[in-house]
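See structure below.
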Amino acid sequence: MDHRLGFEPVRGECAGVSLPVEGDLPNWLSGTLLRNGPGTFEAGDRRLNHWFDGFAMLRRFAIRGGRVTYANRFLRSEAHEHVREHGELGFREFATDPDTGLVGRLERLLAPNFTDNACVNVEARRDGFVATTESPRVVAFDPGTLATHGTTTDSTPGATRTVHPHHDPRRGERVGYATRFGRDPGYTIYRTPAVGAEPEIVGEVSVDEPAYLHSFGLTERHVVLTEGPFVVRPLDLLRDRPVIESFEWRPERGTRFLVVDRASGDVAATHRAEPFFVFHHVNAFETGGEIVLDLVAYPDATVVDALSLDNLRSPAPDLPTGALRRYRLPIEDDGESGGGASGGGAPRIGFETLYPGHIELPTFDYERRNTRPYRYVYGVSNRERPPADFQNQLVKVDVGTRTTRTWSEPDAYPGEPLFVPAPEGQEDEGVVLSVVLDARAERSFLVVLDAATFAERARAPTPHPIPFGFHGQFYRDDEPTRSMA
Numbered sequence: 002m003d004h005r006l007g008f009e010p011v012r013g014e015c016a017g018v019s020l021p022v023e024g025d026l027p028n029w030l031s032g033t034l035l036r037n038g039p040g041t042f043e044a045g046d047r048r049l050n051h052w053f054d055g056f057a058m059l060r061r062f063a064i065r066g067g068r069v070t071y072a073n074r075f076l077r078s079e080a081h082e083h084v085r086e087h088g089e090l091g092f093r094e095f096a097t098d099p100d101t102g103l104v105g106r107l108e109r110l111l112a113p114n115f116t117d118n119a120c121v122n123v124e125a126r127r128d129g130f131v132a133t134t135e136s137p138r139v140v141a142f143d144p145g146t147l148a149t150h151g152t153t154t155d156s157t158p159g160a161t162r163t164v165h166p167h168h169d170p171r172r173g174e175r176v177g178y179a180t181r182f183g184r185d186p187g188y189t190i191y192r193t194p195a196v197g198a199e200p201e202i203v204g205e206v207s208v209d210e211p212a213y214l215h216s217f218g219l220t221e222r223h224v225v226l227t228e229g230p231f232v233v234r235p236l237d238l239l240r241d242r243p244v245i246e247s248f249e250w251r252p253e254r255g256t257r258f259l260v261v262d263r264a265s266g267d268v269a270a271t272h273r274a275e276p277f278f279v280f281h282h283v284n285a286f287e288t289g290g291e292i293v294l295d296l297v298a299y300p301d302a303t304v305v306d307a308l309s310l311d312n313l314r315s316p317a318p319d320l321p322t323g324a325l326r327r328y329r330l331p332i333e334d335d336g337e338s339g340g341g342a343s344g345g346g347a348p349r350i351g352f353e354t355l356y357p358g359h360i361e362l363p364t365f366d367y368e369r370r371n372t373r374p375y376r377y378v379y380g381v382s383n384r385e386r387p388p389a390d391f392q393n394q395l396v397k398v399d400v401g402t403r404t405t406r407t408w409s410e411p412d413a414y415p416g417e418p419l420f421v422p423a424p425e426g427q428e429d430e431g432v433v434l435s436v437v438l439d440a441r442a443e444r445s446f447l448v449v450l451d452a453a454t455f456a457e458r459a460r461a462p463t464p465h466p467i468p469f470g471f472h473g474q475f476y477r478d479d480e481p482t483r484s485m486a
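Per our numbering, residue 2 is the first one in the sequence shown, and the count goes up by one each step.
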């Protein structure tokens, strides 16, 4: 077997299985790794089109006293239950539409049918845990049993939400954005105070054609929206086609950075760069009158189509390379980098390449270094350049020295790495956790790497292969901090 095993449906649910631990777990490592991602890629007899369409399955690794317990359970969202009851897709997913016919298309004009297939991330909120996707609908669940508690809709105006809201413990708030389509298109930036459940609007940015945004940068004083030229055709949202097919690549627009003041909600600066596409930001911080913004950049939006299941299930998928870049954005708008939608002849912001790639699903010491200068990035990568296989190694990048360390082994395909800090340690003191598909053994395992050396400390094999997932969080016992945005 090879990486294609990671795009097969899971073989069963586990209520709580004690895993054998090979190696040595640090005695301070105690908490729960919660992860999210697809568990199946079919709706009845129909195959879904895209990795992002798969139905959510939660995974839990409880680590205590040197032992690891594993559980997995499908999220009983309305979208999932519709397939179970009717044998067909009931909601619009990222790249797959239900067969609605004329009546369904007319209903879409009156009320968008947002999916609650929350297969992307998990989040601890004041009133409990939720699974999230880019629609405004979130699904509550019990982190102990993984049982689904029901679907709610976030109240911030907008058709889509980021699945990477930032948590600012110094201000005691969660910060995110929503994208608005329709008569008043643009982006709404919101904050949720730790003491309140309802979000407060920080500011709104109006644009002519909203872009596809997945994440953003946060500094102590500003929000940075990176608006690539992958923009929506509004009327196409009403047609009988998947959501993502309503977007088109318009490179003549370039990429725009919108710097928004967190206090006033005003756009403090607008800067432009050459066109590129981004899923994931890493970190942002302010120094010397400018914002340092690190992210993973692709030359264009072909990566979206490259993540189709037809491509990913091929023996040698055609995958573009994501590079780790650093942009430096003046905080004060000098009027030179702004302008109209196409940017005219205005000078554009350049960048440094911190790591040429491939790198994705980047994480760092989020709890201690978010919005501050930092040094280390962890991500999934490929031994071959350009990628000739699915993600087959983990990489650690020192953004100060531009040096790297890697971890890999034959027929192993790791998922997103999460850094867990050692108590009262320095930035590089801790462990990195990743769920790895072992294609040869036809199962997965949790790997624990020493963050400083990137050498393996321990692993815990699971009873079955786990489909490739997206994001997760590690929550220390009795302290629901986050490991990433």
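Note that the Cβ used here is the ideal one computed from N, Cα and C, for glycine as well.
| Query | Result |
| --- | --- |
| Thinking Y414 and A440 are a contact (beta carbons under 8 Å), I'd like their distance in whole angstroms, please. | 7 Å |
| At the level of alpha carbons, what is the spacing between S216 and G173? | 20 Å |
| Using beta-carbon positions only, say whether P468 and V11 come within less than 7 Å of one another. | yes |
| Please specify which runs of the beta strand (DSSP E), each continuous and at least 3 residues long, are wholly inside the region 222-286, giving them in chain order. | 223-228, 231-233, 248-250, 256-262, 268-274 |
| Given that a residue counts as buried once 16 or more other Cβ atoms are within 10 Å of its Cβ, and exposed if not, what is N371? | buried |
| Based on the DSSP secondary-structure assignment, which residues constitute the bridge partners of F455? | Looking at the DSSP assignment, F455 forms no beta bridge with any residue, so it has no partner. |
| Output the distance between the C-alpha atoms of G55 and G289, rounded to the nearest integer angstrom. | 44 Å |
| Using the DSSP secondary-structure output, state which residues sit across from V309 in a beta bridge. | Before going further, note that residue 309 is Ser rather than Val in the sequence given. Partner(s): H51. |
| Can D128 and A198 be called in contact, C-beta distance under 7 Å? | yes |
| Specify the secondary structure class of V206 as computed by DSSP and reduced to three states. | strand |
| Does the distance from the C-beta atom of G24 to that of R376 stay below 7 Å? | no |
| Quick one: what's got a C-beta closer than 8 Å to A423's C-beta in the same chain, skipping five residues either side? | P27, W29, E430, G431, V432 |
| Between the Cα of A80 and the Cα atoms of T152, R126, W52, F130, which residue gives the shortest distance? | T152 |
| Buried or exposed: which applies to Q474, given that a residue is buried once 16 or more other Cβ atoms fall within 10 Å of its Cβ? | buried |
| Between the alpha carbons of G13 and F75, how many angstroms are there, rounded? | 9 Å |
| Out of curiosity, what's the CA-to-CA distance linking T97 and H168? | 32 Å |
| Taking the beta strand (DSSP E) that Y377 belongs to, which residues open and close that run? | 377-382 |
| Among L147, R171, V176, V140, which residue has its Cα nearest to the Cα of T157? | V176 |
| Could you spell out the range, first to last residue, of the beta strand (DSSP E) harbouring A291? | Per the sequence shown, residue 291 should be read as Glu rather than Ala. Its beta strand (DSSP E) spans residues 291-299. |
| Measure the C-alpha to C-alpha separation of A302 and P357 and round it to an integer number of angstroms. | 18 Å |
| Is the distance from the Cβ of T407 to the Cβ of V396 below 7 Å? | yes |
| Count the other C-beta atoms from every protein chain shown that fall within 10 angstroms of the C-beta of T354, then say buried if there are 16 or more, exposed otherwise. | exposed |
| On the three-state DSSP scale, how would you describe E79? | helix |
| Alpha carbon to alpha carbon, how far is E86 from Y476? Give it in angstroms, no decimals. | 34 Å |
| For G218, list the residues DSSP reports as bridge partners. | V225 |
| Nearest by alpha-carbon distance to R68: which of R483, P462, E246 is it? | P462 |
| Whole angstroms are fine: how far does the CA of E228 sit from the CA of G187? | 11 Å |
| By the DSSP assignment, the alpha helix (DSSP H) with R370 in it spans what residues? | 367-370 |
| To the nearest angstrom, report how far apart L313 and L35 are at their CA atoms. | 25 Å |
| Between the beta-carbon of A179 and the beta-carbon of T189, is there less than 7 Å? | yes |
| Spatial neighbours of R263 within its chain, please: CB distance less than 7 Å, with the 5 preceding and 5 following residues excluded, ordered by chain position. | V203, R222, H223, V224 |
| Roughly how many angstroms lie between the CA atoms of D3 and A324, to the nearest whole one? | 25 Å |
| Cutting at 7 Å between CB atoms, please list the residues of its own chain near R384, excluding the five before and the five after it. | N393, Q394, S409 |
| Report the rounded CA-to-CA distance for F471 versus L434, giving the unit in angstroms. | 14 Å |
| Pick from R273, F280, A212: whose alpha carbon is nearest that of R1? | Coverage of the chain is limited to positions 2 through 486, which leaves residue 1 absent and any answer about it impossible. |
| Which one of I64, V206, N284 has the shortest CA to CA distance from P21? | I64 |
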